[in-house]
Structure formats: C-alpha cells, structure tokens
Amino acid sequence: KEVKKLTRNLASSDSKAVKLGQLLNVCATNTLTRIMIGRRVFDYGSSGWDPKADEFKSMVVELMKLSGVFNIGDFIPFLDWLDLNGVKAKAKKLRKRFNAFLTSIIEEHQISKNEKHQNIYLTTLLSLKDTPQEGCKLSDEEVKAILLNMFGAGTDTPSSTIEWAMAELIRNPRSMVRVRQEIDSVVGEDRLVTELDLPHLPYLQAVVKETFRLHPPTPLSIPRISEESCEIFGYHIPKGATLLVNVWAIGRDPKEWSDPLEFKPERFLLGGEKGGVDVKGNNFEVIPFGAGRRICAGMSLGLVEVQLLTATLAHAFDWELENGLDPKSLNMDEAYGLTLQRAVPLSVHPRPRLSHHLYSSSSP
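Its first residue numbered 9, the sequence shown is counted upward by one per residue in the numbering used here.
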C-alpha cells in the first residue's frame with residue numbers, strides 16, 4: 009500500500025523536482041508503523057511531504073550523527089564529564105524531542121484501542137508493562153526505548169539505501185536500461201512490481217547488492233564490547249574493548265573487488281566475479297546487515313523493502329536530474345554519521361512511463 013501511495017504522489021508532482029529521500033523516508037516510516045502500531049503516522053502533504061515527517065527525519069539523522077561522531081570522552085574516560093564535543097548536551101535535547109514524539113504515538117494508540125490492534129507490535133509491548141498483579145516487566149521508558157531502536161534502525165537506513173541505488177542508476181544509464189528491460193519482460197507495463205516478482209529479477213538483485221557494497225547503511229557497523237580478552241589472527245583484543253567493523257572499507261577492498269570504486273552490478277550475476285555472493289551475512293566480503301548471532305533483526309524486511317522500492321521507481325518512472333544536470337556530474341559525496349547519508353539530497357524530476365491508470369487513486 010505504501011509503495012502505491014508513493015508512486016501516486018510522485019506521479020502527481022507534475023514532473024516538478026522532488027527530494028526523493030524525503031518521500032522515501034515517509035514511505036519507509038509508514039511501512040514500519042503499519043507493523044508497529046497498525047496505522048500510518050505521516051502523509052505526503054500538498055507540498056510533497058508532511059512537515060511532521062520532515063521533522064522526524066531530521067531527528068533520526070541527528071540521532072545517527074550523534075551516534076557516529078568522534079566523542080573524546082569515549083576514548084579518554086576521565087574527560088567524559090567535560091563533554092568537550094557537546095555530544096551529551098545535544099543528546100539530551102534530542103531525547104526530549106523523541107520522547108514527545110513517542111509519547112504522542114503511545115497515547116494515540118491507547119485512546120484508539122480496537123480489535124484490529126490486538127495483533128499489533130505496540131499492543132504486545134504495552135501488555136508487558138508494569139502491573140501490580142504481574143510485577144515489573146517493561147517500564148514506559150523501556151517501551152519507548154524499544155520503539156526508538158526500531159524507528160532509528162528501520163526508517164532511515166532503507167530510505168537512504170534506495171536513494172543511493174537510484175542515484176547510481178541515474179548516473180549509470182546502461183544499468184538503468186538493463187534493469188528496466190528485465191522488469192518490463194517480467195512485469196510488463198500494465199501493473200506495478202510486487203514482492204512475488206523479486207525472485208525473477210536477478211539483475212535488480214545485483215543492483216541492490218552493488219549498492220549495499222558501495223554504500224552500506226552503517227559504514228562502521230554497530231559498536232560491540234569484548235566481554236573477554238581474546239586473540240584473533242594475531243591481534244590481542246582486551247576485555248572491555250570497543251570494536252567496530254569497517255563495512256565501508258571491506259566493500260571497497262581492491263584485494264576482494266576488481267574496480268572497487270565502479271558501480272558494476274554484473275559482478276554479482278552468475279558467472280561474475282562474485283556470482284552467488286549474498287548480503288545476508290554468509291559472505292564477509294559484503295555485510296551491510298552484519299553477520300552472526302547479532303545480525304540485523306530487520307534484515308528480511310529491509311532487504312525486501314529496498315528491492316521492491318528500487319524496482320518500482322526504476323520501472324514506473326523516467327528520471328531527470330534537477331536543472332538538467334548531467335548525470336555524470338551528480339554529486340556522490342557522503343555525509344558523516346552512523347548511517348551513510350548523501351551529502352547533497354537527490355533532487356529529481358519523475359516522469360510516469362507506464363499505463364496511466366496505475367497512478368490513479370482508484371487503481372487496485
């Protein structure tokens with residue numbers, strides 16, 4: 009449903025330039041909230057997106073920046089109380105904003121209780137809150153913390169990855185033509201891509217894998233703490249050490265990849281240099297979701313979301329950069345943070361290319 013709403017919104021832009029990342033973030037957030045609280049929380053608005061959604065995205069981006077910033081206190085503990093980077097002060101302000109947002113969601117959910125909400129994730133969480141009869145299970149703060157983790161990990165990462173994928177396809181027109189030809193041959197031009205089509209689109213899957221390789225959602229993974237001292241390949245890891253995996257560097261290692269800085273989805277096709285390699289933690293050359301027991305819990309949802317939306321955008325629209333910018337001149341700089349944002353948001357003109365009825369509100 010959210011993919012169709014996004015498609016209709018893009019078609020209604022009258023070919024005006026849109027900030028694709030903003031619209032993708034609305035779509036990703038609403039997809040997640042349908043699962044978590046049983047309803048959408050944002051709309052696209054008359055100007056293309058809901059101002060509340062823009063505010064939410066800024067909060068998530070700020071969270072990722074603060075989580076990934078170099079904090080002196082993390083490395084020199086006795087200076088932590090000075091907050092030399094101002095990280096703690098910024099985090100406290102951000103916490104108040106998130107607290108207000110999450111409190112409003114919980115209160116609205118409790119007010120609008122109905123039978124449809126019985127199988128909703130938030131309903132289950134709230135049922136585990138403190139009660140005099142059952143003792144302490146989950147506090148209000150713990151419920152909000154769980155929701156924050158899901159919002160932080162499940163909204164900005166897929167939307168940013170899809171934005172990168174579309175930037176790469178626009179910048180590499182031969183790849184765009186090939187993925188579109190594949191989708192047209194499987195889906196045709198009289199319906200939109202569905203999840204059932206994805207297994208039959210190997211080149212699309214290769215495009216997504218190549219995007220994850222070049223632009224992993226979390227370039228330095230999530231920090232881990234070593235519980236015991238150990239030795240790995242001759243390196244001594246002391247107990248209590250903070251460990252980071254440089255996923256970004258692994259995906260660009262010239263020892264593992266030919267032309268590592270080039271966008272070449274063909275490398276992941278059968279017969280290619282990395283044919284058969286997946287992104288699900290089984291092959292350490294590309295691990296956008298991590299690996300092992302602590303692999304991303306939302307991997308399955310995130311992977312389908314990225315594949316389906318990338319396929320839909322490539323299939324349903326022709327794309328032109330704002331102000332007629334040459335695709336070869338597209339800025340591909342990255343912004344620093346826990347997640348890999350584009351330094352310059354992708355601003356594009358979408359032009360519908362399929363049957364007109366697919367973009368109307370009456371389409372099934």
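Just so you know, even glycine gets a beta-carbon here, dropped at the ideal spot from N, CA and C.
Original post:
With burial defined as no fewer than 16 other Cβ atoms inside 10 Å of the residue's Cβ, what is the status of P207: buried or exposed?
Top reply: By the beta-carbon neighbour count (other beta carbons within 10 angstroms, threshold 16), P207 is exposed.
Original post:
In terms of residues, what are the limits of the alpha helix (DSSP H) holding V11?
Top reply: Unbroken alpha helix (DSSP H) run through V11: E10 to A19.
Original post:
Leaving out five residues before and five after R260 in sequence, what residues of the same chain have Cβ atoms less than 6 Å from its Cβ?
Top reply: Residues P268 of the same chain have their beta carbon placed closer than 6 Å to that of R260, with the five preceding and five following residues left out of the count.
Original post:
Which residue comes first and which comes last in the beta strand (DSSP E) that contains C238?
Top reply: Residues C238 to I240.
Original post:
Under the three-state reduction of DSSP, which class applies to H223: helix, strand or coil?
Top reply: Three-state DSSP puts H223 in coil, outside helix and strand.
Subject >> Span separating the alpha-carbon of R48 from that of I113 >> reply: Distance from the CA atom of R48 to the CA atom of I113, rounded to whole angstroms, is 11 Å.
Original post:
Mapping DSSP to helix, strand and coil, what is E270?
Top reply: Coil at E270, not helix or strand.
**OP:** Note the first and the last residue of the continuous beta strand (DSSP E) segment covering W327.
**Re:** From DSSP, the beta strand (DSSP E) with W327 extends over F325 to L329.
Subject >> Expected contact under 8 Å - CB spacing of N33 and T163 to nearest Å >> reply: Contact between N33 and T163 holds, since their C-beta atoms are separated by about 6 Å, short of 8 Å.
Original post:
Can you tell which of L346, M158, R361 and L354 has the C-alpha that lies nearest to the C-alpha of K27?
Top reply: If we check each option's Cα against that of K27, L354 comes out closest.
Original post:
Under a Cβ-count criterion, where at least 16 other Cβ atoms within 10 Å of its own Cβ denotes burial, should R103 be classed as buried or exposed?
Top reply: Counting C-beta atoms within 10 angstroms of its own C-beta, R103 has fewer than 16 neighbours from the protein chains shown and is therefore classed as exposed.
Subject >> Alpha carbon of S363 to alpha carbon of P181, nearest angstrom >> reply: Cα-Cα distance, rounded: 23 Å.
Original post:
Quick one: any contact between the segment 230-246 and the segment 306-325, if contact means 3 or more CB pairs under 8 Å?
Top reply: Contact fails: fewer than three Cβ-Cβ distances are below 8 Å.
Original post:
Among the residues of its own chain, which have a CB less than 8 Å from the CB of L228, if the five just before and after it don't count?
Top reply: Result list for L228: G76, L252, V253, N254, V255, W256 and L346, in chain order.
Subject >> Collapsed DSSP secondary structure at L146 in the structure displayed >> reply: Three-state result, L146: strand.
Subject >> Limits of the alpha helix (DSSP H) - the one that I258 falls within >> reply: Its alpha helix (DSSP H) spans residues V255 to I258.
Original post:
Cα separation between S54 and K98?
Top reply: With a pLDDT of 49 at S54, under the threshold of 50, the modelled position of this residue cannot be trusted; read the value that follows with caution. Spanning the two alpha carbons is a distance of roughly 32 Å.
Subject >> 6 Å Cβ shell around D198 - same chain, five flanking residues per side excluded >> reply: Same-chain partners within the cutoff: S363.
Subject >> For P335: DSSP bridge partner residues >> reply: Per DSSP, P335 has no beta bridge partner at all.
**OP:** Provide the residue span of the beta strand (DSSP E) that contains Y243, from first to last.
**Re:** Taken as a continuous stretch (DSSP letters only), the beta strand (DSSP E) holding Y243 covers Y243 to I245.
Original post:
In whole angstroms, what separates the C-alpha of G248 from that of P231?
Top reply: For G248 and P231, the distance between alpha carbons rounds to 12 Å.
Original post:
How big is the Cα-Cα spacing for S167 and G29?
Top reply: Taking the straight line from one Cα to the other gives about 6 Å.
Original post:
What's the call for H323, buried or exposed, on a 16-neighbour Cβ count within 10 Å?
Top reply: H323 should be labelled buried.
**OP:** Name the two residues that bound the continuous beta strand (DSSP E) containing R186.
**Re:** Boundaries around R186 are those of the alpha helix (DSSP H), P181 to V195, since no beta strand (DSSP E) includes it.
Subject >> Proximity below 7 Å, CB of P225 to CB of T320 >> reply: Their beta carbons are not under 7 Å apart, which means P225 does not touch T320 by this criterion.
Original post:
In the DSSP assignment, what are the bridge partners of P358?
Top reply: Looking at the DSSP assignment, P358 forms a beta bridge with W327.
Original post:
Is it the case that the Cβ atoms of I422 and N93 are separated by a distance below 7 Å?
Top reply: Coverage of the chain is limited to positions 9 through 372, which leaves residue 422 absent and any answer about it impossible.
Original post:
Can you list, in chain order, the residues of its chain whose CB lies under 6 Å from that of V215, leaving out five sequence neighbours each side?
Top reply: In chain order, V187 and P273 place their CB closer than 6 Å to the CB of V215, counting only its own chain and leaving out the 5 sequence neighbours on each side.
Original post:
Out of curiosity, what's the CA-to-CA distance linking K282 and S183?
Top reply: Distance between the alpha carbons of K282 and S183: 17 Å.
**OP:** Could you tell me the distance, in whole angstroms, from the CA atom of L87 to the CA atom of N107?
**Re:** Cα to Cα, L87 sits roughly 28 Å from N107.
Original post:
So what's S54 in DSSP terms, helix, strand or just coil?
Top reply: Here the model assigns S54 a pLDDT of 49, short of 50, so the residue's position is not dependable, and the following value carries that caveat. Looking at S54 - three-state DSSP - the assignment turns out to be coil, as it is neither helix nor strand.
Subject >> C-alpha gap between L317 and L90, whole angstroms >> reply: The straight-line gap separating the alpha-carbon atoms of L317 and L90 is approximately 45 Å.
Subject >> Whole-angstrom distance between D205 and S135, CA atom to CA atom >> reply: Each residue's alpha carbon lies about 38 Å from the other.
Original post:
Exposed or buried, what is K9 when buried is set at 16 or more other beta-carbons lying within 10 Å of its beta-carbon?
Top reply: With fewer than 16 Cβ atoms within 10 Å of its Cβ, K9 is classed as exposed.
**OP:** Decide if T219 is buried, meaning its Cβ has at least 16 other Cβ atoms within 10 Å, or exposed.
**Re:** By the neighbour-count criterion, in which a residue is buried when 16 or more other Cβ atoms sit within 10 angstroms of its Cβ, T219 is buried.
Subject >> Bridge partners - I233, DSSP secondary structure assignment >> reply: DSSP lists T250 as partners of I233.
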